[in-house]
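Undergrad: Structure provided below as structure tokens; questions to follow.
Protein chains in written order, with the numbering used here: chain A, 113 to 212; chain B, 17 to 332; chain C, 112 to 500.
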């Protein structure tokens, strides 16, 4: 007979002491699939003000370095809240519905 | 040294830190959570050389589902009502271990983070004790989303007058919350601590510099941070930052500092926007009638005026 | 040269032991009858004799919260409480073991309200017996001091890392002045290694402690803690042996007194054991085959050691200092019955509650108990001794 799939994630013996967790390890937990719409940036209009980077609750935007004057959204984590689009002073971010 | 004279490295638009966040992505905060945004900016401002203690609440559960954690700094959560007491223990441990040469001889800020329920209600005693004991490297941050959001939007003593929550619902015999918001910054300031400040994530440099100032000053600091909650306020998620701007520009939530009892109004709002611009974005105020709004407006005027008067009577 | 005993109040001796252990942080709140311990500690800090942070917290809840924070930051941490104080700590008491914070907590045992009563029984510690702490009971002042030192060594042991409660009967032990040997500082330092762990808040190696666990991890986290607690018994035995080597005083998980041929055994915990032994001496004179078994280690429960100690008895009279409401047994009585259930030739178990809220425990009480335990009436296997009905 097949054993039931365990309901547990970790065996007792593999439990880290004090059930501690590694710092910053939620990067393994991708929240991008919560999203129903994605931010699309018009780089022509972008003035590199950084508000999308600053105001993103999920820390999705990444600086592309001094040569590349824009911030790239890491869609692995973007929940599609639209704060970036709302705060963009040039209105160059559009929230576009994800296709299902 | 007077708290107002303690030097600290200010962040400007040009020196905004671009490195990795101290709060990692992959946390489970709701879409458009203003609270996690405020937390992210506060932690980013401090960098990595500090220890964080969380009270139970939204920010704790959304960042720490075992076996993963969003915190890139040493982090401890124990329970709901005791973040200030836990942080006291961490702070005193660091002080004594430093004194005994078991830790490098440098200050380690200990930052306790709690919500409004964990601060103004169940955690008030522990907070008062910690502020009174005058811990040198102790910063307490209240992220105020004005209700018990983690348990399902129940009213707290920080819920504003008129807000409908699941335990202060608007109804034919109720206007929603019928009490005024507890004035936590004033309660903190009454302990005679060197630094109290209010902040709002829309004014991100102000917010980030306040926690730096709190870390630089020796003695306990209390930061009261406005934290929009689209889920609990029945508001569109994209409005988190906008609402945290309107709340200041309508004079509902003045940005100020109290340094050794001296008041600084950081943002003078000479031409306030009508409070309805702020209230109408949020479903929790939808039931309010013009006469209710008049009552709220009068209170807002009075409280803002109080801060103005304090800043004139007790300038830095 | 052997160190000579000095006359000292037991509470002060415990505080002196905390000093000898170079404790880093003490967080405490006053409550009778524990106060002499923390008063003396704050004096030692004030006089520079103990280089520690003394946190005068605003409640016992905050005392234990601060201790968890301090211990998680890597500091050797001590606190003390009694009764309502322990009850107020209750929420934190259940958290400390699972976070693996090796705090040492001295409990000057006192009755729980209501009615409010400042005197001795074991109802305070019994209310948290299942929380995951190591728990030891001292019989006399020397034990209280020695067990304080050993509690740090046991709790902070790399294989253990659990909090330890040291139980001292309030007033009847805590406030007695007894001849006690205060060990030399160098010997304590040699016996007690520094408190070293990777499981701590360290900015050089950040980790997260105290996470949320969902149904797929909660059971395993609890079981992992219980496994550590059960396994700590081996470390405790080892530490007792090393203590004997270093200081010459012998400690066992369970102590026996005149049990070799005893038919009736009085099973005790804490300071009443001394009265029980005196009563046994008198009953022996009168030809009764009685003895005393004393539980020193209450948690983890010393199953094998207790079974061995009770193996030859016909009858065990378990003495409880706490009344469990709603069930005709005391907590120790329940454990012993469970331990002996189904065992071949198991002795009969009688369970007696006495000495509640500071009511004097007399030699004659033990004689009454022995007389009652000769009964074969199972219906009479539980009794509150001396209750005026």
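All residues carry an ideal CB built from backbone N, CA and C; glycine is no exception.
For the segment 331-352 of chain C, which residues have a beta carbon sitting closer than 8 Å to at least one beta carbon of chain A?
TA: Flagged, chain order: 331, 332, 334, 335, 338.
Undergrad: Taking the alpha helix (DSSP H) that residue 115 of chain B falls in, what are its first and last residues?
TA: Position 99 of the second chain, counted from the first residue, corresponds to residue 115 of chain B. It spans 99-115 - the alpha helix (DSSP H) in which residue 115 of chain B sits, taken as one unbroken run.
Undergrad: Please classify residue 112 of chain C: is it buried, with 16 or more other beta-carbons within 10 angstroms of its beta-carbon, or exposed?
TA: Reading the third chain from its first residue, position 1 is the one you call residue 112 of chain C. Confidence is the limiting factor: at residue 112 of chain C the pLDDT is only 49, short of 50, which leaves the residue's position unreliable, though a coordinate-based value still follows. So residue 112 of chain C ends up on the exposed side.
Undergrad: By the three-class DSSP mapping on this structure, what secondary structure does residue 191 of chain A have?
TA: Looking up residue 191 of chain A in the first chain gives position 79. It is coil, neither helix nor strand.
Undergrad: The ligand GDP heavy atoms versus the CB of residue 196 of chain C: any closer than 7 Å?
TA: The model on display carries no ligand, and the ligand GDP is accordingly not part of it.
Undergrad: I'd like the span of the alpha helix (DSSP H) that includes residue 351 of chain C, first residue to last.
TA: The residue you call residue 351 of chain C lines up with position 240 of the third chain. Where residue 351 of chain C is concerned, the enclosing alpha helix (DSSP H) stretches over 326-358.
Undergrad: Rounded to the nearest angstrom, what separates residue 169 of chain C and residue 189 of chain C at their Cα positions?
TA: For this step, residue 169 of chain C is matched to residue 58 along the third chain. For this step, residue 189 of chain C is matched to residue 78 along the third chain. If I take the Cα positions, the gap works out to 16 Å.
Undergrad: Return the CA-CA distance between residue 382 of chain C and residue 125 of chain B, expressed in angstroms with no decimal places.
TA: Walking along the third chain from the start, residue 382 of chain C turns up at place 271. Walking along the second chain from the start, residue 125 of chain B turns up at place 109. C-alpha separation (whole angstroms): 45 Å.
Undergrad: Please name the residues in the segment 83-100 of chain B whose beta-carbon is closer than 9 Å to at least one beta-carbon of chain A, in chain order.
TA: Correct list: 83, 84, 85, 86, 87, 88, 89, 90, 91.
Undergrad: Are residue 265 of chain C and residue 275 of chain C closer than 8 Å when you measure CB to CB?
TA: Counting from 1 along the third chain, the entry for residue 265 of chain C is found at position 154. Counting from 1 along the third chain, the entry for residue 275 of chain C is found at position 164. In this structure, residue 275 of chain C lies closer than 8 Å to residue 265 of chain C by Cβ.
Undergrad: In this structure, how does DSSP classify residue 112 of chain C when only helix, strand and coil are distinguished?
TA: Translated into positions along the third chain, residue 112 of chain C becomes position 1. Low per-residue confidence applies at residue 112 of chain C: pLDDT is 49, beneath 50, and the placement is therefore not dependable, though the value from the model is reported in the following sentence. Three-state DSSP puts residue 112 of chain C in coil, outside helix and strand.
Undergrad: Using a Cβ-Cβ cut-off of 8 Å, state whether residue 65 of chain B counts as contacting chain C.
TA: Counting from 1 along the second chain, the entry for residue 65 of chain B is found at position 49. True, the Cβ-Cβ gap to chain C drops below 8 Å.
Undergrad: Run the CB neighbour count on residue 453 of chain C, radius 10 Å, all protein chains shown included, and call it buried at 16 or more, exposed below.
TA: Counting from one through the third chain, the residue named residue 453 of chain C turns up at place 342. Per the 10 Å Cβ criterion, exposed.
Undergrad: Apart from the five residues just before and just after residue 147 of chain C, which ones in its own chain have a Cβ nearer than 6 Å to its Cβ?
TA: What you label residue 147 of chain C is simply residue 36 of the third chain in a count that begins at 1. Excluding residues within five positions, the ones whose Cβ falls inside 6 Å are 122.
Undergrad: Should the segment 135-147 of chain B be regarded as contacting the segment 199-217 of chain C, the criterion being three or more beta carbon pairs within less than 8 Å?
TA: No: fewer than three Cβ pairs fall under 8 Å.
Undergrad: Under a three-way DSSP split, which group does residue 244 of chain C fall into?
TA: Residue mapping note: residue 244 of chain C aligns to position 133 of the third chain, counting from 1. Correct three-state label for residue 244 of chain C: coil.
Undergrad: Buried or exposed: which applies to residue 191 of chain A, given that a residue is buried once 16 or more other Cβ atoms fall within 10 Å of its Cβ?
TA: Residue numbering aside, residue 191 of chain A sits at position 79 when the first chain is read from its first letter. Residue 191 of chain A is buried by the Cβ-count criterion.
Undergrad: Which residue wins for smallest C-alpha separation from residue 448 of chain C, given the options C/206, C/343, C/417?
TA: Position 337 of the third chain holds residue 448 of chain C. Residue C/417 is the option with its Cα nearest to residue 448 of chain C.
Undergrad: Compare the C-beta of residue 159 of chain B against all C-beta atoms of chain D and say whether one is closer than 8 Å.
TA: No chain D is part of this structure, whose protein chains are labelled A, B and C.
Undergrad: Does DSSP put residue 151 of chain A in a helix, in a strand, or in coil?
TA: For this step, residue 151 of chain A is matched to residue 39 along the first chain. DSSP places residue 151 of chain A in strand when its eight states are reduced to three.
Undergrad: Considering only DSSP beta bridges, list what residue 191 of chain C is partnered with.
TA: Taking the first residue of the third chain as position 1, residue 191 of chain C is located at position 80. For residue 191 of chain C, which the question treats as bridged, DSSP gives the partners C/217.
Undergrad: Within 8 Å (strictly less), CB to CB, does residue 243 of chain B reach chain A?
TA: In the second chain, counting from the first residue as 1, residue 243 of chain B sits at position 227. By this cut-off, residue 243 of chain B is not an interface position.
Undergrad: Which residue comes first and which comes last in the beta strand (DSSP E) that contains residue 280 of chain C?
TA: Counting from one through the third chain, the residue named residue 280 of chain C turns up at place 169. Segment 275-280, the beta strand (DSSP E) holding residue 280 of chain C.
Undergrad: Can you tell me whether residue 41 of chain B is buried or exposed, with buried defined as 16 or more other CB within 10 angstroms of its CB?
TA: On the second chain, residue 41 of chain B is found 25 positions in, with the first residue counted as 1. Classification of residue 41 of chain B: buried, given that the 10 Å Cβ count is 16 or more.
Undergrad: Report all residues from its chain with a CB closer than 8 Å to the CB of residue 316 of chain C; omit the five preceding and five following residues, and keep chain order.
TA: On the third chain, position 205 is the one that residue 316 of chain C refers to. Around residue 316 of chain C: 309.
Undergrad: In chain C, which residues lie less than 8 Å from residue 134 of chain A when you measure between Cβ atoms?
TA: In the first chain, counting from the first residue as 1, residue 134 of chain A sits at position 22. Simply 318, 319.
Undergrad: From residue 173 of chain B to residue 215 of chain B, what does the alpha carbon distance come to, in whole angstroms?
TA: Position 157 of the second chain, counted from the start, is the residue given in the question as residue 173 of chain B. Position 199 of the second chain, counted from the start, is the residue given in the question as residue 215 of chain B. So the two alpha carbons sit approximately 19 Å from each other.
Undergrad: Show which residues of chain C have a CB atom less than 9 Å away from the CB atom of residue 221 of chain B.
TA: By 1-based counting over the second chain, the position of residue 221 of chain B is 205. Simply none; closest approach about 25 Å.
Undergrad: Could you tell me which residues DSSP pairs with residue 319 of chain C in its beta bridges?
TA: Along the third chain, one-based indexing puts residue 319 of chain C at 208. A/133, B/91.
Undergrad: So if DSSP puts residue 31 of chain B in a beta bridge, which residue, or which two residues, is it bridged to?
TA: Residue 31 of chain B sits at position 15 when you count from the first residue of the second chain. Answer is none; residue 31 of chain B lacks a bridge partner.
Undergrad: Pull out every residue of the segment 119-147 of chain A whose Cβ sits closer than 9 Å to any Cβ of chain C, in chain order.
TA: Cβ contacts with chain C come from 119, 120, 121, 122, 123, 124, 125, 126, 127, 128, 129, 130, 131, 132, 133, 134, 135, 136, 137.
Undergrad: Let me confirm a value: residue 340 of chain C is counted as buried when at least 16 other C-beta atoms fall within 10 Å, else exposed. Which label applies?
TA: Position 229 of the third chain, counted from the first residue, corresponds to residue 340 of chain C. Residue 340 of chain C comes out buried.
Undergrad: Taking a contact to mean a Cβ-Cβ separation below 8 Å, would you say residue 210 of chain A touches residue 197 of chain A in this structure?
TA: Looking up residue 210 of chain A in the first chain gives position 98. Looking up residue 197 of chain A in the first chain gives position 85. No. Outside cutoff.
Undergrad: Locate the alpha helix (DSSP H) running through residue 292 of chain B, then write down its first and last residues.
TA: One-based indexing of the second chain puts residue 292 of chain B at position 276. 291-295 is the span of the alpha helix (DSSP H), which, as asked, contains residue 292 of chain B.
Undergrad: What residue does the beta strand (DSSP E) around residue 202 of chain A start on, and which one ends it?
TA: The residue you call residue 202 of chain A lines up with position 90 of the first chain. Unbroken run through residue 202 of chain A: none, as it is neither H nor E.
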